[in-house]
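Below is one structure, written out as structure tokens, with a few remarks after it.
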Amino acid sequence: MHRVVCPGSFDPVTYGHLDIIGRAAALFDEVVVAVGTNTSKSGLFDVDERVEMVQGACAEWSNVEVDTFSGLLVDYCRDVGAGGVVKGLRSAGDFEYELPMAHMNTQLSGLETVFLPTAAQWGHVSSTLVREIAKLGGDVTAFLPEDVARRTVERAQQGSAS
Ligand code: PNS
-6 MHRVVCPGSF
4 DPVTYGHLDI
14 IGRAAALFDE
24 VVVAVGTNTS
34 KSGLFDVDER
44 VEMVQGACAE
54 WSNVEVDTFS
64 GLLVDYCRDV
74 GAGGVVKGLR
84 SAGDFEYELP
94 MAHMNTQLSG
104 LETVFLPTAA
114 QWGHVSSTLV
124 REIAKLGGDV
134 TAFLPEDVAR
144 RTVERAQQGS
154 AS
């Protein structure tokens, strides 16, 4: 497969996300990291800030580009010419959440989903937990690139973007 999309909220991007993006970049010719909005989650950063942080964190991979998307993932993938999406799986819970979406996306447009098991060291890491730790004054530097960690702590102490 030539081009794939790694979709997510990336609020903020974690080492777990970067593990998946880096491995996708090694497996596929081109990777588009698509920063979307999950309407059921309350955000810390706006989309432009998330894109900026993902771009900084992905600078080492020349075949990775960062974009935003809204609406249906299948429509976005068609528009950018991607035949598949790559998703990380941390747990059986992730699988149960992702499987119906993968089936739906295949039924809607033939879009394939490739699941990569999250590296064991990041299996417990989520943006949601990291945001909570930062809000409560904990140390998040083990889970986030340096610049992202600094911005997350600053923002969490101020309150959310939206
Ligand atoms: O894992 P995340 O970070 O919560 O993912 C957020 C996002 C925006 C990638 C996800 O909510 C998504 O894929 N939205 C697209 C909407 C869509 O296509 N819905 C139908 C799925 S079958």
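Position one of the sequence shown corresponds to residue -6 (this note's numbering), numbered consecutively onward. Idealized CB from N, CA, C, for every residue including glycine. Fair warning: this is a prediction, and the values are worked out from it, not measured in the lab.
Exercise for the section: Answer with buried or exposed for His10, where buried requires no fewer than 16 other C-beta atoms within 10 angstroms of its C-beta. Expected result: buried
Problem - Ala112 at chain B interface by Cβ criterion, 7 Å - result: Included in the structure is just one protein chain, with no chain B present.
Problem - Alpha-carbon to alpha-carbon, Asp68 and Gly130 - result: 40 Å
Exercise for the section: Inspect the CB distances between the region 49 to 63 and the region 11 to 27 and report whether three or more fall short of 8 Å. Expected result: yes
Exercise for the section: Would you kindly check if the distance between the Cβ of Ala18 and the Cβ of Val25 is under 7 Å? Expected result: no
Practice task
Just the C-alpha distance for Pro0 and Asp140, rounded to the nearest angstrom, thanks.
Solution key: 21 Å
Handout entry: Through-space distance from Val118 to Gln151, alpha-carbon basis
Key = 23 Å
Handout entry: Inter-residue spacing [alpha-carbon to alpha-carbon] between Ala95 and Phe88
Key = 10 Å
Exercise for the section: Give the DSSP-derived three-state secondary structure of Glu91 in the structure shown. Expected result: helix
Exercise for the section: Tell me whether Ile106 sits in a helix, a strand or coil according to DSSP, three-state version. Expected result: Reading off the sequence shown, one finds Thr at residue 106, where the question assumed Ile. The answer is strand: DSSP assigns Thr106 an E or B state.
Problem - Simplified DSSP assignment, three categories, for Asp60 - result: strand
Exercise for the section: Tell me whether the beta-carbon of Leu109 lies closer than 7 Å to the beta-carbon of Gly81. Expected result: yes
Practice task
Assuming Gly64 and Glu105 form a contact by the criterion Cβ under 8 Å, report the distance between their Cβ atoms to the nearest whole angstrom.
Solution key: 19 Å between Cβ atoms; not a contact.
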